[in-house]
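Counted from 1, the sequence shown has number 86 at position 85 by the working numbering; the numbering is strictly sequential. Yeah, the Cβ is synthetic: ideal placement off N, Cα and C, and Gly gets one too.
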Amino acid sequence: MGWMHSTDDTSHEMWIRPEFVDGVGTSASTMREGVTMVGLGGDSWRPAGEVVGWRVVCDCEHETQTISPTRSQWVSTDLWVRVPSPSLEDVAAGRIFAGDDATSDLEFREDVADAAKAIWRSQHIRLVDVDEEIALALAAHRAAAVAIDVAITRGRRAGRTWEQIGRVAGMSAPGANSRWKERIESPAVTDFVDDLDAMISDLDGRVLTAAERVGLSSIYQLAARTNDGHRPSIADVLTMAARLRPATSE
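1) For Trp4 and Leu209, what's the separation of their Cα atoms in angstroms?
2) Considering only DSSP beta bridges, list what Ser12 is partnered with.
3) Mapping the DSSP letters down to three states, classify Pro48 as helix, strand or coil.
4) With respect to the alpha helix (DSSP H) encompassing Ile149, which residues constitute its N-terminal and C-terminal limits?
5) Which residue or residues does DSSP assign as beta-bridge partners of Val76?
6) Please list the terminal residues of the continuous beta strand (DSSP E) segment that includes Phe98.
7) Let me know the secondary structure DSSP gives Thr71 once reduced to three states.
8) Quick one, are the C-beta atoms of Glu62 and Arg47 less than 8 Å apart?
9) Measure the CB-CB distance between Ile166 and Met200 and report whether it falls below 8 Å.
10) If you compare alpha carbons, which of Thr162, Ile220, Val113 is closest to Ala144?
11) Near Ser86, what residues of its chain come up, given a Cβ to Cβ distance below 8 Å and the 5 sequence neighbours on each side ignored?
12) Does the beta-carbon of Ser88 have 16 or more other beta-carbons within 10 angstroms, so that it is buried, or is it exposed?
13) Taking the straight line between their C-alpha atoms, what separation do you get for Thr11 and Glu64?
14) So is Leu223 buried or exposed if we call it buried at 16+ other beta carbons inside 10 Å?
15) What residue range is occupied by the uninterrupted alpha helix (DSSP H) comprising Val194?
16) Taking only three categories from DSSP, how would you classify Arg232?
17) For Glu251, count neighbouring Cβ atoms within 10 angstroms of its own Cβ and tell me buried if that reaches 16, exposed if not.
18) Could you tell me the alpha carbon to alpha carbon distance between Ser7 and His13, rounded to whole angstroms?
19) Quick check: what's the CA-CA separation for Leu80 versus Leu245?
20) How far does the alpha helix (DSSP H) with Val84 in it reach, from first residue to last?
21) Within the continuous alpha helix (DSSP H) that includes Gln124, where are the two ends?
22) Return yes when the Cβ of Val131 is within less than 8 Å of the Cβ of Thr154, no when it is not.
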């Protein structure tokens with residue numbers, strides 16, 4: 002049993018790992034008859050009586066441009082110490098009682114599971130989400146700059162002069178020409194505008210407002226980012242729009 006958390010390009014699975022005097026159990030042994038054993042993965046086992054505590058662990062997988070994702074593991078610095086009596090147990094204080102037959106099933110205890118998730122979220126996932134927020138904010142900043150290029154391109158295609166565009170932008174005609182002419186004539190911008198216009202034409206004939214077109218431009222780029230740079234579908238764009246929409250409390 003594990004708990005999952007995902008971002009655009011990473012997945013995280015939390016679980017509770019038994020600890021031994023020598024750490025995670027480098028000196029594994031074989032199964033022993035009549036002795037409750039704890040599985041360590043593969044064919045490695047340790048007697049449950051050797052468990053001295055537990056840690057919260059997260060298996061992390063990061064998608065890359067290569068075929069195989071990058072895998073890593075996060076381990077909490079907090080250790081729940083195993084105590085010999087229920088009367089000594091205090092989960093919040095880091096003390097847990099568990100019989101040998103329960104040493105590998107702590108995640109099924111609601112109080113321990115809640116405490117484990119709190120540690121995982123505060124020490125690991127919170128930082129993962131902050132990193133994702135920074136990356137997404139930077140992507141949104143870059144997308145906003147491209148949205149300006151898109152709007153200027155549409156203005157020129159609609160017949161606006163540089164003087165008219167400069168008036169809206171608060172600069173002279175030569176200033177607007179110098180700033181945007183070369184940029185909007187680049188294949189990257191013209192192809193992007195063509196893709197956006199094709200998507201707009203697929204929206205059942207709906208006429209978008211200026212604000213909606215600017216928003217679509219930015220959301221389209223963010224959706225492309227999560228799609229490894231490939232052209233996103235309408236469904237991809239709608240999914241990204243839903244993600245960016247603040248949650249409402251009921």
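Quick answer:
1) Here the C-alpha atom of Trp4 lies approximately 41 Å from the C-alpha atom of Leu209.
2) Beta-bridge annotation (DSSP): Ser12 is paired with Ser7, Glu62.
3) Correct three-state label for Pro48: strand.
4) Taken as a continuous stretch (DSSP letters only), the alpha helix (DSSP H) holding Ile149 covers 127-158.
5) When beta bridges are read from the DSSP output, Val76 appears opposite Val58.
6) Per DSSP, Phe98 belongs to the beta strand (DSSP E) from 96-98.
7) Thr71: strand per DSSP, three-state reduction.
8) No, Cβ-Cβ distance for Glu62 and Arg47 is not below 8 Å.
9) Taking C-beta atoms as the reference points, Ile166 and Met200 fail to come closer than 8 Å.
10) Taking only the C-alpha atoms, the option nearest Ala144 is Ile220.
11) Apart from the 5 residues on each side of it in sequence, Ser86 sits with its Cβ closer than 8 Å to the Cβ of Phe98 in its chain, given in chain order.
12) If you draw a 10 Å sphere on the C-beta of Ser88, you find fewer than 16 other C-beta atoms in it, and that means exposed.
13) For Thr11 and Glu64, the distance between alpha carbons rounds to 6 Å.
14) With 16 or more other Cβ atoms within 10 Å, it is buried.
15) Per DSSP, Val194 belongs to the alpha helix (DSSP H) from 188-202.
16) Three-state DSSP puts Arg232 in coil, outside helix and strand.
17) Unreliable positioning characterises Glu251 in this predicted model, as indicated by a pLDDT of 46, which lies under 50. The coordinate reading is nonetheless provided below. Glu251 comes out exposed.
18) Each residue's alpha carbon lies about 6 Å from the other.
19) Rounded to the nearest angstrom, the gap between the Cα atoms of Leu80 and Leu245 is 37 Å.
20) Bounds of any alpha helix (DSSP H) do not take in Val84; it lies within the beta strand (DSSP E) bounded by 81-84.
21) In the DSSP assignment, Gln124 falls outside any alpha helix (DSSP H), carrying neither H nor E.
22) No, Cβ-Cβ distance for Thr154 and Val131 is not below 8 Å.
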